[in-house]
Amino acid sequence: MKKTSLVVLLCAGLNLLAQESENIKEVELGGVEVTAEEENVKNKKISEVKKTASELTKQQVSDTRDMVRYDTGVSVVETGRFGSSGYAIRGVDENRVAISIDGLNQAETLSSQGFKDLFEGYGNFNNTRNGVEIENIQQVNITKGADSIKTGSGALGGSVMFETKDARDYLTEKDWFYGFKAQKSSANDEKLFSHTMAARAKWFDILFITTKRDGHEMKNWGYNTYDDNVLGKEREKPDPYTINTDSRLFKFGVNFNETNRFSIGIDRSTKETVGTDWSYKFALYTGGMLNNVRYSTDVRHVNDKNKRENIFYTYENYDENPLWDSMKITYSKQKIQLKARTDEYCDKNDCQGLLNPSGLKLNNEGKLVDKYGGDLQMRQVEKEPWPGAGFTFPQDIVFDSHGNEVDETFYGRTNRGADKLLVDCNQYDCSKPLTLFNKTTKRYETYNLTPQNMPDGNGKYAELTPKNRFEELLLPRAPGYLENNWKDRDLNTDTKQLNLDATKEFSLFKMDHTLKYGGLYNQIDKSMINKQGYEAHNKEWWAKYFFGMANKGTGLLPNFQPDKCMPHGGNDYSTLCRHEDNKFSFLIPVETKTKAFYLGDDISLTEILSVDANYRFDKITHNPSYIPGKTPKLPTDLFAGVFIPFTIPPGSSAEEVKRIKTKNAEENARYLASQKRDFTHHSYSLSTNFDPFEHIRLQAKYANGFRAPTSDEIYFTFQHPDFTIFPNLALQPEIAKTKEFAVTLHNSPSFFTINLFQTDYKNFIDLKYIGRGTLTYGNAGSRMPVEMYQNVNRARARVRGVELSANLDLEQAYSGLSGFNVGYKYLYQKGRMSVDESGKLDAPMNAIQPAKFVYNVGYHTRNNKFGANLYMTHVKAKRPEDTYNIYAKDDPDAKNTYVRYVSNTYSLFDFVAFYRPMKNFTFTAGVYNITDRKYTSWDSARSIRTFGTNNMVNKETGRGLARFYSPGRNFKLTFEMTF
Numbered sequence: 001m002k003k004t005s006l007v008v009l010l011c012a013g014l015n016l017l018a019q020e021s022e023n024i025k026e027v028e029l030g031g032v033e034v035t036a037e038e039e040n041v042k043n044k045k046i047s048e049v050k051k052t053a054s055e056l057t058k059q060q061v062s063d064t065r066d067m068v069r070y071d072t073g074v075s076v077v078e079t080g081r082f083g084s085s086g087y088a089i090r091g092v093d094e095n096r097v098a099i100s101i102d103g104l105n106q107a108e109t110l111s112s113q114g115f116k117d118l119f120e121g122y123g124n125f126n127n128t129r130n131g132v133e134i135e136n137i138q139q140v141n142i143t144k145g146a147d148s149i150k151t152g153s154g155a156l157g158g159s160v161m162f163e164t165k166d167a168r169d170y171l172t173e174k175d176w177f178y179g180f181k182a183q184k185s186s187a188n189d190e191k192l193f194s195h196t197m198a199a200r201a202k203w204f205d206i207l208f209i210t211t212k213r214d215g216h217e218m219k220n221w222g223y224n225t226y227d228d229n230v231l232g233k234e235r236e237k238p239d240p241y242t243i244n245t246d247s248r249l250f251k252f253g254v255n256f257n258e259t260n261r262f263s264i265g266i267d268r269s270t271k272e273t274v275g276t277d278w279s280y281k282f283a284l285y286t287g288g289m290l291n292n293v294r295y296s297t298d299v300r301h302v303n304d305k306n307k308r309e310n311i312f313y314t315y316e317n318y319d320e321n322p323l324w325d326s327m328k329i330t331y332s333k334q335k336i337q338l339k340a341r342t343d344e345y346c347d348k349n350d351c352q353g354l355l356n357p358s359g360l361k362l363n364n365e366g367k368l369v370d371k372y373g374g375d376l377q378m379r380q381v382e383k384e385p386w387p388g389a390g391f392t393f394p395q396d397i398v399f400d401s402h403g404n405e406v407d408e409t410f411y412g413r414t415n416r417g418a419d420k421l422l423v424d425c426n427q428y429d430c431s432k433p434l435t436l437f438n439k440t441t442k443r444y445e446t447y448n449l450t451p452q453n454m455p456d457g458n459g460k461y462a463e464l465t466p467k468n469r470f471e472e473l474l475l476p477r478a479p480g481y482l483e484n485n486w487k488d489r490d491l492n493t494d495t496k497q498l499n500l501d502a503t504k505e506f507s508l509f510k511m512d513h514t515l516k517y518g519g520l521y522n523q524i525d526k527s528m529i530n531k532q533g534y535e536a537h538n539k540e541w542w543a544k545y546f547f548g549m550a551n552k553g554t555g556l557l558p559n560f561q562p563d564k565c566m567p568h569g570g571n572d573y574s575t576l577c578r579h580e581d582n583k584f585s586f587l588i589p590v591e592t593k594t595k596a597f598y599l600g601d602d603i604s605l606t607e608i609l610s611v612d613a614n615y616r617f618d619k620i621t622h623n624p625s626y627i628p629g630k631t632p633k634l635p636t637d638l639f640a641g642v643f644i645p646f647t648i649p650p651g652s653s654a655e656e657v658k659r660i661k662t663k664n665a666e667e668n669a670r671y672l673a674s675q676k677r678d679f680t681h682h683s684y685s686l687s688t689n690f691d692p693f694e695h696i697r698l699q700a701k702y703a704n705g706f707r708a709p710t711s712d713e714i715y716f717t718f719q720h721p722d723f724t725i726f727p728n729l730a731l732q733p734e735i736a737k738t739k740e741f742a743v744t745l746h747n748s749p750s751f752f753t754i755n756l757f758q759t760d761y762k763n764f765i766d767l768k769y770i771g772r773g774t775l776t777y778g779n780a781g782s783r784m785p786v787e788m789y790q791n792v793n794r795a796r797a798r799v800r801g802v803e804l805s806a807n808l809d810l811e812q813a814y815s816g817l818s819g820f821n822v823g824y825k826y827l828y829q830k831g832r833m834s835v836d837e838s839g840k841l842d843a844p845m846n847a848i849q850p851a852k853f854v855y856n857v858g859y860h861t862r863n864n865k866f867g868a869n870l871y872m873t874h875v876k877a878k879r880p881e882d883t884y885n886i887y888a889k890d891d892p893d894a895k896n897t898y899v900r901y902v903s904n905t906y907s908l909f910d911f912v913a914f915y916r917p918m919k920n921f922t923f924t925a926g927v928y929n930i931t932d933r934k935y936t937s938w939d940s941a942r943s944i945r946t947f948g949t950n951n952m953v954n955k956e957t958g959r960g961l962a963r964f965y966s967p968g969r970n971f972k973l974t975f976e977m978t979f
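For reference, each letter of the sequence shown is one residue, going 1 to 979 in full-length UniProt numbering.
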């Protein structure tokens, strides 16, 4: 607290230093000169932060991480490969902090701890909260503390609300506007290009913003010094990704008259991440060696996509009447798709499936030759049966035209006889004979080909003539193609929403009222669609030209027929054709409907006392649905016997057992889908502003918030002997209550604020072990023991803290320091939660950020042609005893319940400056982490997983931790041009 003393003394004496400063300053937004009133200190609400487009531009904000870089009490949740996933505020994160864009709540994660344990750690699902394109944002409001009045369900710890730009933001002085922005960031080699166009003609106005970002993975400290060949969890260099985003914002408005307006808009954005998961746990097994021939095997490639589209229609009315001064009706239709795509295949030239070390090939005449184009020959030589055997015996060995041995390890015995080798006449010209090397006759043999139709109508094929089932042809043993086993998994959130918002100002009993009221109807369809399959690609000549026969018979009656999907020498588990499984899901599709009404009144009781009272009512209904054959299939083993038991008659065949289990699983799924759930909640907030003296303001606030259980927390079902999860239809909403008190000393624009807060949470939803049980399994009467888990309401938590913020305009202290200002922010908070039924607050909360200090010194000229800011951010270490490992109780080697990896204390210095040589051009340059400090943020450290295949390090040695370092010294250059 000693570090705050100077600021406290300076701010406490502001009213003695200078007279009240004017609030009107001439500034430029995006190069357009406008005269705007800065937000007066008296207009700032307790624990709320507003950031405008001009401030975001000034700080070179590129993403949500940059947006909160210099804020205390709010941070971004990190997830590794999938980027960020929402925010952490007041000790809670992700779904417990509401995010909205133009009043629409954004996609929530599948927050069930059971789902996270089973799937999230393996990189199979893009289970994150979608982001936002900063270039489209006019203003963002960040509220710390319970805030369900504004956003409804989800605002336990706070909310982050984005508002997109409008043509009217640019057309204040003329009827057209054009802006161009280019930016280069060295931290991730990102290049940004953005165009903004706005115009007005009579009653019509239009806005179009297009933004493209082309970048790569975020570089860590020491990025260029790490060995790129290190694979698996010990990898220190970030995985290589190419990250491209494309965003379009379009708005078209019609002003029928001065008080009636109608507009439509489309807000569309796509983010695509393509790369290779070299830190994937199994990436270590990417190669091998056979008879001194090195080969490569499969690696995991990723192609993840985030898509968001919102189409909206808005009607606005400004006719003052007894009901409203302004009224707005908005209908929105939003679709969000979060895709995780993985392809596992070999992408090298020496892949195991393509091994052909002697380079055998067919020449233009259809003759098998070596890589030099010469003939093969077989000779008998004395040779050891294996290296170091100590004796030899005569062997028939094939040699190429240069006398090199053709190793039989890689050639021969692949076609099971010449009679089983078929030729694809759609790939090979069957009018030409084939001359192949016959290992049985020890010489070349010529085979004639007679094209004939495939039995299935798939083109033509030919058999070798003459053919002999006992003759062995010399062909590569390798399959001759690469296998790609792919998984494509989508989490979809489709929203339809109707909003009505109105405001009314009036006076009653000498008190001024600002009334806000309205309501909404919201329908959200949450679904999961899983696709997976197989592809054979990059086929070599022997896989292109030759194929085999497949058994088309049933039971004990074989019926072998030509099948171009069957590799020559293949089996029932190999195929040359693409295959895609039926779509399936681990979740029952759920439609969620929300009806809400809100009412608020900001009352000025006197000139020094005001009260802001707000109320909101929400009713949320989860309506699951499952229609066999229509909705994505649910794996049978997940639901069989959960609610409705089943028995299998003795002597049942495997097919009968499968049929009985499938039927029972569908009955259980339909039963679960019939269980609708309703939740209602009354949200409220009450805040007061009291100005006992001219330069002192006292503020207090009491508010509550809630989060209704998500569909996956209620309905998620999974069966496994070691980990069986049962649904819980009795879950209750999570509740938060916030109490705050703030004192502000102010002499605008200078101020100093100290804010004390406490937030209490209850009914936290957590995964609980409920004991050992049994489920029907196998034949009649068999029961299988299982370890049972279930999501329950049990935890409560409490967060307390203090937050300081200050800004001092130095001109108020000394006129010679015109344009200089000093800023300061500080946050310290402590949080504890209960982890059992005792209700004792005995465990730390991991989402609590360590104590953080932010200092800044700024300067700008009066005409805003030049300005600069120096920031210093100091973050305390996250102490191990302030963390809690939920898996410690299951780890026999755990010595305590602390998280293994924490962040250390670090200090960062950033410098950002802009120069405007003329009205239409602005150059901005920023240097970040000037001292090239090596550090890991707490949010990155806590993203390290203890199990799974992704985001892991070597627990014994700690190697791999460097992958989670934040960027070292990095730069941003921005150029803006506006007309």
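In this text, a Cβ means the ideal position worked out from N, Cα and C, and glycines have one as well.
Checklist entry - At what residue ranges does the region 572 to 658 contain a whole run of the beta strand (DSSP E), taking only runs of 3 or more? => result With a minimum length of 3 residues, the continuous beta strand (DSSP E) runs that stay inside the region 572 to 658 are 590 to 604 and 609 to 624.
Checklist entry - Tell me which same chain residues have a C-beta within less than 7 Å of the C-beta of Ile46, skipping the five on either side of it? => result Non-local C-beta neighbours of Ile46 in its own chain, meaning closer than 7 Å and more than five positions away in sequence, comprise Ser687, Gln699, Lys701, Glu740, Ala742 and Asn755, ordered along the chain.
Next on the checklist: Taking the alpha carbon of Trp221 as the reference point, which residue from Ser903, Thr245, Arg213 and Ala187 has its own alpha carbon closest?
Outcome noted: In terms of Cα proximity to Trp221, the closest of Ser903, Thr245, Arg213 and Ala187 is Ala187.
Checklist entry - Rounded to a whole number of angstroms, what is the C-alpha to C-alpha distance between Thr905 and Val875? => result The alpha-carbon atoms of Thr905 and Val875 are separated by roughly 6 Å.
Next on the checklist: Less than 7 Å between the beta carbons of Ile329 and Tyr315, yes or no?
Outcome noted: Cβ distance < 7 Å, so Ile329 and Tyr315 count as in contact.
Next on the checklist: Less than 7 Å between the beta carbons of Tyr824 and Ala806, yes or no?
Outcome noted: Yes; because the gap between Cβ atoms is below 7 Å, this pair is in contact.
Checklist entry - At what residues does the alpha helix (DSSP H) containing Gln113 begin and finish? => result First-last of the alpha helix (DSSP H) with Gln113: Gln113 to Leu118.
Item to check | CA-to-CA distance, His301 to Tyr859, given in whole angstroms | outcome: Computed Cα separation, rounded: 48 Å.
Next on the checklist: Need the endpoints of the alpha helix (DSSP H) that Trp386 sits in, please.
Outcome noted: Looking at the DSSP string, Trp386 is not in any alpha helix (DSSP H), and its letter there is neither H nor E.
Checklist entry - Is it a yes or a no for the region 478 to 485 touching the region 542 to 553, going by three-plus beta-carbon pairs under 8 Å? => result Yes: the two stretches touch, three or more of their Cβ pairs being nearer than 8 Å.
Next on the checklist: Spatial neighbours of Thr949 within its chain, please: C-beta separation below 8 Å, excluding the five flanking residues on both sides.
Outcome noted: Its chain contains Gly121, Tyr122, Gly123, Tyr280, Lys281 and Phe282 as the residues whose beta carbon lies nearer than 8 Å to that of Thr949, once the 5 sequence neighbours on both sides are disregarded; these appear in chain order.
Next on the checklist: Contact between the region 557 to 573 and the region 590 to 597 is defined here as three or more beta-carbon pairs at a separation below 8 Å; is this criterion met?
Outcome noted: Between the region 557 to 573 and the region 590 to 597 there are fewer than three C-beta pairs closer than 8 Å, too few to call the two in contact.
Checklist entry - With burial defined as no fewer than 16 other Cβ atoms inside 10 Å of the residue's Cβ, what is the status of Gln380: buried or exposed? => result It is exposed - the Cβ of Gln380 has fewer than 16 other Cβ atoms within 10 Å.
Item to check | Ser326 in three-state terms, based on DSSP | outcome: Note: Ser326 maps to strand in three-state DSSP.
Checklist entry - In whole angstroms, what is the alpha-carbon distance linking Asp712 and His568? => result Cα to Cα, Asp712 sits roughly 46 Å from His568.
Checklist entry - In the structure shown, what three-state DSSP assignment does Val92 receive? => result In this structure, Val92 counts as strand in the three-state DSSP scheme.
Next on the checklist: Quick check on this structure: which residue in Tyr447, Met454, Leu355 and Pro433 has the alpha carbon closest to the alpha carbon of Asp407?
Outcome noted: Out of Tyr447, Met454, Leu355 and Pro433, the CA that lies nearest to the CA of Asp407 is found in Leu355.
Checklist entry - What's the gap between the Cα of Arg235 and the Cα of Tyr428? => result Roughly 45 Å between the two C-alpha positions.
Item to check | Nearest-angstrom Cβ-Cβ length linking Asp304 and Thr273, presumed shorter than 8 Å | outcome: About 4 Å separates the two Cβ atoms, so the contact holds.
Next on the checklist: So within the UniProt domain "TonB-dependent receptor plug" (51 to 158), which uninterrupted beta strand (DSSP E) runs reach at least 3 residues, ignoring any that extend past its ends?
Outcome noted: You should have 74 to 78, 84 to 89, 97 to 101 and 137 to 144.
Checklist entry - Expressed to the nearest angstrom, what Euclidean distance is found between the alpha-carbon atoms of Tyr855 and Val61? => result Cα-Cα distance, rounded: 18 Å.
Checklist entry - Checking contacts by CB at 7 Å: is Trp324 closer than that to chain C? => result Chain labels in this structure do not include chain C; a single protein chain is all it has.
Checklist entry - Where do the N-terminal and C-terminal ends of the alpha helix (DSSP H) with Trp541 fall, by residue? => result Residues Trp541 to Tyr545.
Checklist entry - Hey, how far is the Cα of Leu808 from the Cα of Thr873? => result Approximately 18 Å between the Cα atoms of the pair.
Next on the checklist: Using only CA atoms, which one of Thr151, Gln106 and Arg129 lies nearest to His681?
Outcome noted: Measuring from the Cα of His681, the nearest candidate turns out to be Thr151.
Item to check | Nearest-angstrom Cα separation, counted from Ser326 out to Phe506 | outcome: If you take the alpha carbons of Phe506 and Ser326, they lie about 13 Å apart.
Checklist entry - Which class does Asn438 belong to by DSSP, given the choice of helix, strand or coil? => result Here Asn438 carries a strand assignment [DSSP, helix/strand/coil].
Checklist entry - Whose CA, out of Gly968, Asp228, Phe584 and Tyr411, lies closest to the CA of Phe437? => result Ranking Gly968, Asp228, Phe584 and Tyr411 by Cα distance to Phe437 puts Tyr411 first.
Checklist entry - Skipping 5 residues on each side, what residues in its chain have a beta carbon closer than 6 Å to that of Gln758? => result Lys739 and Arg800.
Next on the checklist: So, with DSSP's three-state summary, where would you put Ala806?
Outcome noted: In the structure shown, Ala806 sits in a strand (DSSP, three-state: E or B).
Checklist entry - By the 10 Å Cβ neighbour count, where 16 or more other Cβ atoms means buried, how is Val254 classified, buried or exposed? => result With fewer than 16 other Cβ atoms within 10 Å, it is exposed.
Checklist entry - For Lys174 versus Leu207, is the C-beta distance shorter than 7 Å? => result Not a contact, by the Cβ cut-off of 7 Å.
Item to check | Length of the line joining the Cα atoms of Thr52 and Val140 | outcome: When rounded, the distance between both Cα atoms is 7 Å.
Item to check | Under the three-state DSSP convention, the category Asp214 falls into | outcome: The three-state secondary structure of Asp214, taken from DSSP, is strand.
Next on the checklist: Let's see if you can read the secondary structure: which residues bound the alpha helix (DSSP H) around Ser711?
Outcome noted: That run of the alpha helix (DSSP H) goes Ser711 to Tyr715.
Checklist entry - Between Pro967 and the rest of its own chain, which residues show a CB-CB distance below 7 Å, the 5 nearest in sequence each way excluded? => result Once the five neighbours on either side are set aside, the close Cβ partners of Pro967 are Ala187, Met218, Lys219, Asn220, Trp221 and Asn929.
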